[in-house]
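J.:
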Amino acid sequence: MAGSITFVGTYSLPEGRFEEWVDAITDMVDYVKANVPRLSSFEVYVDDARSEATGIYVHPDADSFVDRMRVAADRVDRG
Numbered sequence: 648m649a650g651s652i653t654f655v656g657t658y659s660l661p662e663g664r665f666e667e668w669v670d671a672i673t674d675m676v677d678y679v680k681a682n683v684p685r686l687s688s689f690e691v692y693v694d695d696a697r698s699e700a701t702g703i704y705v706h707p708d709a710d711s712f713v714d715r716m717r718v719a720a721d722r723v724d725r726g
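So for the sequence shown, the working numbering puts the first residue at 648; every next one is plus one.
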């Protein structure tokens, strides 16, 4: 996809709270996909040890990326 933006972020998962994290990230992915219609892809992968996750977001342009960050921040701020 020419001109697209791909963001890759890797982060540690909270020890002993994997199922809780799965619920939270599933909710976030669903929320972002519903509220950022131009998002091309939003995928999250977890390592075998369940200690680290990698999120990959693909956007057609910078405006879509900025919109995704705003939508996700709104959700995180609500707690």
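Beta carbons are placed, not taken as given, at the ideal position from N, Cα and C, and that holds for glycine.
Under 9 Å, do arginine 697 and tyrosine 704 count as touching if we go by C-beta distance?
T.: Along the sequence shown, one-based indexing puts residue 697 at 50. Along the sequence shown, one-based indexing puts residue 704 at 57. It is not a contact, given that the beta carbons lie outside the stated cut-off.
J.: Does DSSP put alanine 709 in a helix, in a strand, or in coil?
T.: The residue given as residue 709 occupies position 62 in the sequence shown. Helix at alanine 709.
J.: Taking 6 Å as the limit between beta carbons, can you name the residues of its chain near tyrosine 692, skipping five residues before and five after?
T.: Counted from its first residue, the sequence shown places residue 692 at position 45. Here the set comprises Thr701.
J.: Between the segment 651-660 and the segment 705-713, do at least 3 Cβ pairs fall closer than 8 Å?
T.: Yes: the two stretches touch, three or more of their Cβ pairs being nearer than 8 Å.
J.: Hey, would you say valine 679 sits closer than 9 Å to valine 718, going by beta carbons?
T.: As a first step, residue 679 must be located in the sequence shown, where it is residue number 32. As a first step, residue 718 must be located in the sequence shown, where it is residue number 71. Yes, the pair counts as a contact, with Cβ atoms nearer than the cut-off.
J.: In chain order, what residues of the same chain have a beta carbon less than 8 Å from the beta carbon of glutamate 667, not counting five sequence neighbours either side?
T.: Position 20 of the sequence shown, counted from the start, is the residue given in the question as residue 667. Same-chain partners within the cutoff: Pro661.
J.: Going by DSSP in three states, alanine 696 sits in which element: helix, strand or coil?
T.: For the purposes of this step, residue 696 is taken as residue 49 along the sequence shown, with counting starting at 1. Alanine 696: coil per DSSP, three-state reduction.
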